[in-house]
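Data block below; observations after.
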Amino acid sequence: MTRKSSPSEIPSIACIRCRHRKKKCDHAFPKCGECKRAGSECVRFQERKPRDAASVPWEYVKGLELRLAQVEKNLVNCMALIRKQGNPSPASVASREGSMFRTPINLHENQFLPRPPSDDDIGLLRKADFACYFQFVHPNWCFLDEGVLREWFQLCVEQRAAPNSFQLFFVQMVCAVGALYSSHSDRGCPHVARSRSLLEQALSQCLPDAIRQSPHIRTKAYLMVLVSAFHNPRPFELRDATRDAVMEITQRLSTYQSPNSFTPMGTVPSPPSTEDVKDRSLLMHCYSVYEMLATMWNGWLRELVGPLDEKVYNQGIWLTFDGCLTDANFEHVFAIRRIQTKIRRFWIQMQSLNGQGEYRTQNTQEIRTELDQWKGMIPLISSNVDLSTNCHPLSMLMLYNFSICSLYQNEMVLPNIEDHSVLLVSASESARCFRRIQEHRPMVYCTWLRVIEQFTVGIVLLSCFWGTPYIYRTTVFQSPDTLQALEDCELTLTRFSQRWEAAELYLETFRLLLSQTPISFPDNSEFEFPEQLKPQTNGMVQSLVKRGLSGSVIAMISRIVNRPTGPHGYS
1 MTRKSSPSEI
11 PSIACIRCRH
21 RKKKCDHAFP
31 KCGECKRAGS
41 ECVRFQERKP
51 RDAASVPWEY
61 VKGLELRLAQ
71 VEKNLVNCMA
81 LIRKQGNPSP
91 ASVASREGSM
101 FRTPINLHEN
111 QFLPRPPSDD
121 DIGLLRKADF
131 ACYFQFVHPN
141 WCFLDEGVLR
151 EWFQLCVEQR
161 AAPNSFQLFF
171 VQMVCAVGAL
181 YSSHSDRGCP
191 HVARSRSLLE
201 QALSQCLPDA
211 IRQSPHIRTK
221 AYLMVLVSAF
231 HNPRPFELRD
241 ATRDAVMEIT
251 QRLSTYQSPN
261 SFTPMGTVPS
271 PPSTEDVKDR
281 SLLMHCYSVY
291 EMLATMWNGW
301 LRELVGPLDE
311 KVYNQGIWLT
321 FDGCLTDANF
331 EHVFAIRRIQ
341 TKIRRFWIQM
351 QSLNGQGEYR
361 TQNTQEIRTE
371 LDQWKGMIPL
381 ISSNVDLSTN
391 CHPLSMLMLY
401 NFSICSLYQN
411 EMVLPNIEDH
421 SVLLVSASES
431 ARCFRRIQEH
441 RPMVYCTWLR
451 VIEQFTVGIV
461 LLSCFWGTPY
471 IYRTTVFQSP
481 DTLQALEDCE
491 LTLTRFSQRW
501 EAAELYLETF
511 RLLLSQTPIS
521 FPDNSEFEFP
531 EQLKPQTNGM
541 VQSLVKRGLS
551 GSVIAMISRI
561 VNRPTGPHGY
571 S
């Protein structure tokens, strides 16, 4: 006969804590004896613990909605294609067996320029190019005065400016960069041809007058050269102007000191003047550009600046604690540039110490803590409505994860199993962030620097699979996020190759390595790169070296291609 209990009777089942610890529960109310002795909260069976209402991650939800809409759109297109072509043959299905799933992508979607330049503009200087610069570039690099540049633009268009003057230099450089945002591809594009003509005239005819001006204007001129170099697939072939620009901002950064640094002890420092505030803001832009160059082309920059690199970092402390009021987003991005410099210095010191394990572990943990603290401020600092792409939360997350990859990966140290796990998660998140941010800010495809960055992320992902045997892999390796990140990298590089002819080499290299990467391995046999593909891959690597690709990325590719056979030791 079944025993019936009243609804108010407490069931004779141990509380949650006693059940987990396999302790005998005395069912005392409101706390059982075990929980009372331990001073823990006693949660009874079938009793819900009250919790705070969860905050809704609206940005993430919006991203999911956009992805769902894209999937539905692709599904409709696929169904229409199937009805049009009929059922596929068994041979065509077999040819695709074992390949990774690829989401169809419209390489010309999200055209962000509302209309091409009008025919009313004549000559090389066009209002549309000028407007594109201040709409897409200036929010990230706001060291020029838009009002002043508009006056100079009008003077140049009306031919009232002096020939080969520094005013004409800035107008030509602004229009040269802005013209690239009117183009969808650099293959026979008139906008790209116009940009190159403007750039050639500015550097050969007008730059000499710009560098004869005051130090403030001279620094702006050289900084403009470097911003233009970020949009150029071959930034070091511009009449050596890029080298001169790097040396100029390096000299300024290595000798900078705050005006208040000369204030005697015990006296109240005077508030900074307007010129001091402008100078500090300009040099903070210079520091960000310098660090971006060092991250992407570290070998080339190290040979060029030599020991000045250490002075740039040391004097940069005055930029950090100068006390001048600037934009919080700008300060936050500048902070992670300082951390990236610290990462580079850490690896240089590791080289002199022959890679001591304890030193590496300690410094890695300290820098990782700084990065995590920086990441924790993103929800408070970032803005998805700000015109600056650098201030977007996805952009900041992408920058954080890319810095993590730089911290755990270098050409002089072979990452261990734990390092590869960290790199896999960070590189996956960085790739997904870029794929999502281009839906909101598609102008990111206009910057050549992003090609190097996303190619680096893709190689880091592939190196994690090659560096981790199947028996050591966690579930993260086969998670949908990781597989989606591999797809995102290929699609991102595909888009870049549609825009930049020079990006085809990066796409071909990634696809070749991806096709041989052991994504899913059925047994514990050793990974080995096919011998017949090594000459082709090594040729690609040599071409990448000539383009100044980072030594860390070259080392990762070399480890994949020239991976030794036989037993390996893993830790």
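Number 199 in UniProt numbering belongs to position 199 of the sequence shown; there are no gaps in the numbering.
Think of the CB as a built atom: it goes at the ideal place given N, C-alpha and C, for glycine as much as any other residue.
- The beta carbon of residue 244 is closer than 6 Å to none in its chain, skipping five residues each way along the sequence.
- DSSP places residue 384 outside both helix and strand once states are collapsed to three, so it counts as coil.
- Residue environment: residue 428 is assigned as buried (16 or more neighbouring CB atoms within 10 Å of its CB, all protein chains considered).
- The beta-carbon distance between residue 468 and residue 417, rounded to whole angstroms, is 6 Å. This is short enough to meet the 8 Å contact definition.
- For residue 426, the CB contacts under 6 Å within the same chain, skipping 5 residues up- and downstream, are 401, 404 and 405 in chain order.
- According to DSSP, residue 410 shares a beta bridge with 413.
- In the three-state reduction of the DSSP assignment, residue 511 falls in the helix class.
- Below 8 Å, enough C-beta pairs join the stretch 245-255 and the stretch 300-314 to call them touching: three or more.
- Restricting attention to 414, 359, 335 and 364, the CA atom closest to the CA of residue 391 is found in 335.
- Residue 519 carries a coil assignment under DSSP once its states are collapsed to helix, strand and coil.
- Distance check between residue 466 and each of 330, 556 and 490 places 556 closest, using alpha-carbon atoms only.
- Between the C-alpha atoms of residue 203 and residue 220 there is a straight-line separation of about 14 Å.
- With distances taken between CA atoms, residue 423 lies nearest to 460 out of 506, 460, 226 and 170.
- For residue 346, the enclosing alpha helix (DSSP H) starts and ends at 328-352.
- DSSP places residue 190 in the helix class (H, G or I) of the three-state scheme.
- The three-state secondary structure of residue 311, taken from DSSP, is helix.
- Taking the Cα of residue 70 as reference, the smallest distance to any Cα among 527, 223 and 435 is reached at 435.
- For the options 240, 287 and 375, the alpha carbon positioned closest to that of residue 341 is the one of 287.
- Under the three-state reduction of DSSP output, residue 141 falls in the coil class, being neither helix nor strand.
- Take the alpha-carbon of residue 339 and the one of residue 366: they are about 11 Å apart.
- DSSP, reduced to helix, strand and coil, places residue 22 outside both helices and strands of the structure shown, so it counts as coil.
- Just so you know, the alpha carbons of residue 14 and residue 328 end up roughly 53 Å apart.
- The three-state secondary structure of residue 208, taken from DSSP, is helix.
- For residue 552, the CB contacts under 7 Å within the same chain, skipping 5 residues up- and downstream, are 409, 410 and 411 in chain order.
- The distance from the Cβ of residue 169 to that of residue 207 is about 6 Å, consistent with a contact at the 8 Å cut-off.
- Of the residues assessed, residue 78 falls on the exposed side of the cut-off, its CB having fewer than 16 other CB atoms within 10 angstroms.
- Per DSSP, residue 251 is one residue of the alpha helix (DSSP H) stretching across 241-254.
- Between the alpha carbons of residue 498 and residue 356 lies a distance of about 44 Å.
- Relative to residue 21, the option among 42, 517, 30 and 29 whose CA is nearest is 42.
- A distance below 6 Å between beta-carbons, with the five flanking residues on each side excluded, links residue 289 to the following residues of its chain, in chain order: 226.
- Residue 145 counts as exposed, since fewer than 16 other beta carbons sit within 10 angstroms of its beta carbon.
- Spatial neighbours of residue 389 in its own chain (CB-CB distance under 8 Å, excluding positions within 5 residues in sequence) are listed in chain order as 139, 140, 395, 437, 441, 443 and 444.
- If the five residues before and after residue 23 are omitted, its C-beta is found closer than 8 Å to the C-beta atoms of 14, 17 and 34, all from its own chain and listed in chain order.
- Nearest neighbour of residue 179 by Cα position, chosen from 199, 528, 166 and 304, turns out to be 199.
- Around the beta-carbon of residue 65, fewer than 16 other beta-carbon atoms lie within 10 Å, marking it exposed.
- Within the same chain, and ignoring the five residues on either side of residue 162 in sequence, the residues whose Cβ sits closer than 8 Å to its Cβ are 168.
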